[in-house]
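Chemist: If you scroll down you'll find the structure; I have some questions about it.
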Amino acid sequence: MSTLSGKEERALVRERQKLLAELSRLSLIIHGSYFERYSTCSRPGCACHKGERHGPRAYVAERKDGRPKQHYVKKSQADAVREGIEQYRRMLEIADRISEINLELARAGRLGEKPQPQA
Numbered sequence: 192m193s194t195l196s197g198k199e200e201r202a203l204v205r206e207r208q209k210l211l212a213e214l215s216r217l218s219l220i221i222h223g224s225y226f227e228r229y230s231t232c233s234r235p236g237c238a239c240h241k242g243e244r245h246g247p248r249a250y251v252a253e254r255k256d257g258r259p260k261q262h263y264v265k266k267s268q269a270d271a272v273r274e275g276i277e278q279y280r281r282m283l284e285i286a287d288r289i290s291e292i293n294l295e296l297a298r299a300g301r302l303g304e305k306p307q308p309q310a
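Add 191 to the 1-based position in the sequence shown for our numbering, that's all there is to it.
Quick look at the structure:
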């Protein structure tokens with residue numbers, strides 16, 4: 192079992208609270224990958240069949256039940272979707288750091304304990 196000073200313990204608990212507060216503000220979370228592509232349509236005489244393809248059109252790719260799935264993204268939603276994907280990445284970083292903090296507190300026998308009062 193490692194030991195933590197009261198000051199170190201309070202700092203870890205403060206950091207965890209700050210991370211939890213940040214986590215509560217991540218409301219656009221989207222798990223997936225953003226990409227854009229060009230396409231051809233089904234109209235035989237369309238210029239897209241001669242190289243002037245339609246697009247770009249935006250999509251989010253995800254895996255659902257082990258299978259790849261794509262979701263079309265309206266142009267008006269592209270920025271929000273990209274932000275949601277970035278928020279998902281940040282959520283994972285926050286969860287990893289909170290786990291590290293909790294493990295450090297557990298090794299010191301202080302997980303679930305009230306922080307030691309300031310001296």
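Just so you know, even glycine gets a beta-carbon here, dropped at the ideal spot from N, CA and C. Predicted model only: the values in this text are computed from it and were never measured.
1. Tell me where the alpha helix (DSSP H) around K255 begins and ends.
2. Could you tell me whether the stretch 194-205 touches the stretch 242-253, using the rule of 3 or more Cβ pairs below 8 Å?
3. Of the choices A286, L302, G223, whose alpha-carbon is the least far from that of N293?
4. Provide the residue(s) that pair with R288 in DSSP beta bridges, ordered along the chain.
5. What residue does the alpha helix (DSSP H) around S215 start on, and which one ends it?
6. In or out: L283 buried (at least 16 other Cβ within 10 Å) or exposed?
7. At what residues does the beta strand (DSSP E) containing E227 begin and finish?
8. Under a Cβ-count criterion, where at least 16 other Cβ atoms within 10 Å of its own Cβ denotes burial, should E200 be classed as buried or exposed?
Modeler: With the given structure in hand:
1. Where K255 is concerned, there is no enclosing alpha helix (DSSP H), although the beta strand (DSSP E) it sits in stretches over 245-255.
2. no
3. L302
4. In the DSSP output, where bridge partners are listed per residue, R288 has none listed.
5. 197-215
6. exposed
7. 224-230
8. buried
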